Amino acid sequence: MIPASTAQEFQLNSGPHNGAAIGPLRLKISSHGETVTSAIPDMGYLHRGIEKSAERIQWGGLTAFMDRVDYLAPIHCELAYALSVERLAGIEAPARAQRIRLITGEINRIGSHLYACSTMATKLGASTAGLYLLRDREKINNLFEMLCGSRLTYNYIRVGGVAFDLSEGFIEKTTEALSYLEPKLEEYRCLLLGNKIFSGRLVGVGTITTEQAWAVGLSGPNMRATGENLDLRGSRPYCGYEGYRDCLGRAGATVPQGGDSYSRFVTRLAEIQDSIDIIREALEMVRGGSYRVGLPLDFRPPAGESYAEIEGARGIFGVYVVSSGGTSPERLKIVSPSLQAVTLLPRLLRGAQLSDVPTIVSSLDIMVSEVDR
Numbered sequence: 034m035i036p037a038s039t040a041q042e043f044q045l046n047s048g049p050h051n052g053a054a055i056g057p058l059r060l061k062i063s064s065h066g067e068t069v070t071s072a073i074p075d076m077g078y079l080h081r082g083i084e085k086s087a088e089r090i091q092w093g094g095l096t097a098f099m100d101r102v103d104y105l106a107p108i109h110c111e112l113a114y115a116l117s118v119e120r121l122a123g124i125e126a127p128a129r130a131q132r133i134r135l136i137t138g139e140i141n142r143i144g145s146h147l148y149a150c151s152t153m154a155t156k157l158g159a160s161t162a163g164l165y166l167l168r169d170r171e172k173i174n175n176l177f178e179m180l181c182g183s184r185l186t187y188n189y190i191r192v193g194g195v196a197f198d199l200s201e202g203f204i205e206k207t208t209e210a211l212s213y214l215e216p217k218l219e220e221y222r223c224l225l226l227g228n229k230i231f232s233g234r235l236v237g238v239g240t241i242t243t244e245q246a247w248a249v250g251l252s253g254p255n256m257r258a259t260g261e262n263l264d265l266r267g268s269r270p271y272c273g274y275e276g277y278r279d280c281l282g283r284a285g286a287t288v289p290q291g292g293d294s295y296s297r298f299v300t301r302l303a304e305i306q307d308s309i310d311i312i313r314e315a316l317e318m319v320r321g322g323s324y325r326v327g328l329p330l331d332f333r334p335p336a337g338e339s340y341a342e343i344e345g346a347r348g349i350f351g352v353y354v355v356s357s358g359g360t361s362p363e364r365l366k367i368v369s370p371s372l373q374a375v376t377l378l379p380r381l382l383r384g385a386q387l388s389d390v391p392t393i394v395s396s397l398d399i400m401v402s403e404v405d406r
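Residue numbering for the sequence shown follows the working numbering, starting at 34 and increasing by one per position.
Right, here's the structure in full:
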């Protein structure tokens, strides 16, 4: 063993292509032996210029672009954009459309959390459990394929409602999928949290305090894992979430909220149960009626500006639009939760072991396409 006093500092890259990376995000890491002394995020490898491109695209065509901001939870991106434009134009989607938006949003949240937990399990060597989680996520993909014909980028939410009504048999298939997934949550807990090696690599690793989270604007499961119950579905409800406040946080009432990687993992598992409860109640309340307000192809909202935000799978996702009265936005700005998580990486990784870098990064569930938009 080399004495600490004679060990040299060396530099290495995590990403944008190696297996320990979460996507095209580069971390320039300096370490002294096995201890990280600094970690600098290098972003921009996935930049598509979506905000600038929006200035040339008609209002109705931007939904497909919003899918690409977070391709694991595109419904939430579409919804935030639609709500912002509807607020600007004074449009209210029909009650049936609001219920469908709520249901599809929570289904998408389940799929996103399953993928996040799978990624985390795989990064820590629990590849069997990671494959189980991906296998069960196919239930979610099948539902969206049945609903809109797509398994990844859905292009489903529209300004004024949704693109299509619920497919025949969709409610029954969704109920079946929920009945399949709910008992699986206990299986995941036994396979992963019951494994001392897996849980031991999470407890006390990458701890975030509530004060640190507020300082950078952290939100979503990462914030709630610190013990701060920040959830727009309960505090500023939209799409009828005010009727489901009793479901929010119910499953996570006994979750240890220490702000570490372990807390973030169990918080996401608990939120899957919350989403299952919400969807079940919402499916029973789906009523007839129109699923969309008809708008002209050359839709022109009045001049002005508007902002809407929703509780996405990774936290608060907001869309700000400016209209000059034309067929395209004059300006579009996206507020994404992953950017706030990236800003915490230098602080979280400093002093950590090199073996803990994939653990900490994957526990934050960073979506690089959100950052590089």
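In this text, a Cβ means the ideal position worked out from N, Cα and C, and glycines have one as well.
Source: prediction; values computed, not measured.
Inset, instruction - Sort 189, 69, 230 by Cα distance to residue 110 and report the nearest one. - result: Considering only alpha carbons, the answer is 189.
Legend entry - C-alpha distance - residue 350 paired with residue 70, whole-angstrom precision: 32 Å
Inset, instruction - My understanding is that residue 218 touches residue 312, with C-beta atoms under 8 Å, so please give their C-beta distance in whole angstroms. - result: Residue 218 to residue 312, Cβ: 14 Å. No contact.
Legend entry - Distance between beta carbons of residue 169 and residue 185, contact taken as under 8 Å: The pair is not a contact, with the Cβ atoms about 17 Å apart (cut-off 8 Å).
Legend entry - Spatial distance of residue 354 from residue 318 (CA atoms): Distance between the alpha carbons of residue 354 and residue 318: 32 Å.
Inset, instruction - Alpha carbon to alpha carbon, how far is residue 359 from residue 259? Give it in angstroms, no decimals. - result: If you take the alpha carbons of residue 259 and residue 359, they lie about 44 Å apart.
Legend entry - Nearest to residue 272 (by Cα), restricted to the options 75, 129, 245: The candidate whose alpha carbon is nearest that of residue 272 is 129.
Legend entry - Backbone CA spacing between residue 213 and residue 173 [nearest angstrom]: Cα to Cα, the separation comes out at about 11 Å.
Legend entry - CA nearest to the CA of residue 352, picked from 42, 80, 46, 119: 119
Legend entry - Minimum length 4: unbroken alpha helix (DSSP H) runs contained in the segment 56 to 105: Restricting attention to alpha helix (DSSP H) runs no shorter than 4 residues, the segment 56 to 105 encloses them at 83 to 86, 95 to 100, ordered along the chain.
Legend entry - Spatial neighbours of residue 141 in its chain, beta-carbon cut-off 6 Å, leaving aside the 5 residues before and after: 106, 108
Inset, instruction - Note the first and the last residue of the continuous beta strand (DSSP E) segment covering residue 28. - result: No answer is possible for residue 28: the residues shown for the chain start at 34 and end at 406.
Inset, instruction - Determine, using beta-carbon pairs with one atom in the segment 219 to 237 and one in the segment 293 to 300, whether at least three such pairs fall under 8 Å. - result: Taking 8 Å as the limit for Cβ pairs, the verdict is that the segment 293 to 300 does touch the segment 219 to 237.
Inset, instruction - Output the distance between the C-alpha atoms of residue 207 and residue 315, rounded to the nearest integer angstrom. - result: 11 Å
Inset, instruction - Determine the direct distance from the alpha carbon of residue 232 to that of residue 403, and round the result to whole angstroms. - result: 29 Å
Legend entry - beta strand (DSSP E) segments (min. 3 residues) lying fully within the segment 318 to 400: Complete beta strand (DSSP E) runs here, min 3: 337 to 344, 349 to 356, 364 to 368.
Inset, instruction - Let me know the secondary structure DSSP gives residue 236 once reduced to three states. - result: coil
Legend entry - Reduced DSSP category for residue 407 - H, G, I as helix; E, B as strand; rest coil: There is no way to answer for residue 407, as the model of the chain reaches only from 34 to 406.
Legend entry - At least three beta-carbon pairs within less than 8 Å, the segment 247 to 265 to the segment 364 to 383: Yes: at least three Cβ pairs fall under 8 Å.
Legend entry - Buried versus exposed call for residue 248 [16 or more other C-beta atoms within 10 Å across all chains shown]: exposed
Legend entry - C-alpha gap between residue 401 and residue 102, whole angstroms: 9 Å
Legend entry - Segments of 4+ residues assigned as alpha helix (DSSP H) that fall wholly inside the segment 186 to 222: 203 to 221
Legend entry - Selection from 226, 261, 187, 348 that minimises the alpha carbon distance to residue 243: 261
Inset, instruction - Leaving out five residues on either side along the sequence, give the residues of the same chain with a beta carbon under 6 Å from the beta carbon of residue 308. - result: 139, 142, 143
Legend entry - residue 152 in three-state terms, based on DSSP: helix
Legend entry - C-beta contact flag for residue 49 and residue 379 at 9 Å: no
Inset, instruction - Return the Cβ separation of residue 334 and residue 121 in integer angstroms, given the expectation that the two are a contact with Cβ distance under 8 Å. - result: 5 Å
Legend entry - Under 9 Å between C-beta atoms of residue 405 and residue 78: Yes, they are a contact pair.
Inset, instruction - Reducing DSSP to helix, strand and coil, say where residue 271 ends up. - result: coil
Legend entry - Close-in-space but distant-in-sequence residues of the same chain around residue 84 (CB under 7 Å, 5 per side omitted): Closer than 7 Å at the Cβ level, and outside the excluded window around residue 84, lie 365, 366, 367, 406.
Inset, instruction - Can you say whether residue 34 is buried or exposed, counting buried as having 16 or more other CB atoms within 10 angstroms of its CB? - result: Here residue 34 scores only 46 on pLDDT, less than 50, and its place in the model is too uncertain to base an answer on.
Inset, instruction - Could you please give the first and the last residue of the uninterrupted alpha helix (DSSP H) stretch that includes residue 160? - result: 160 to 181
Inset, instruction - Indicate the three-state DSSP secondary structure (helix, strand or coil) for residue 35 in the structure shown. - result: Per-residue confidence for residue 35 stands at a pLDDT of 48, beneath the threshold of 50, marking its modelled position as unreliable; the derived number appears in the next sentence. Of the three classes helix, strand and coil, the one that applies to residue 35 here is coil, per DSSP.
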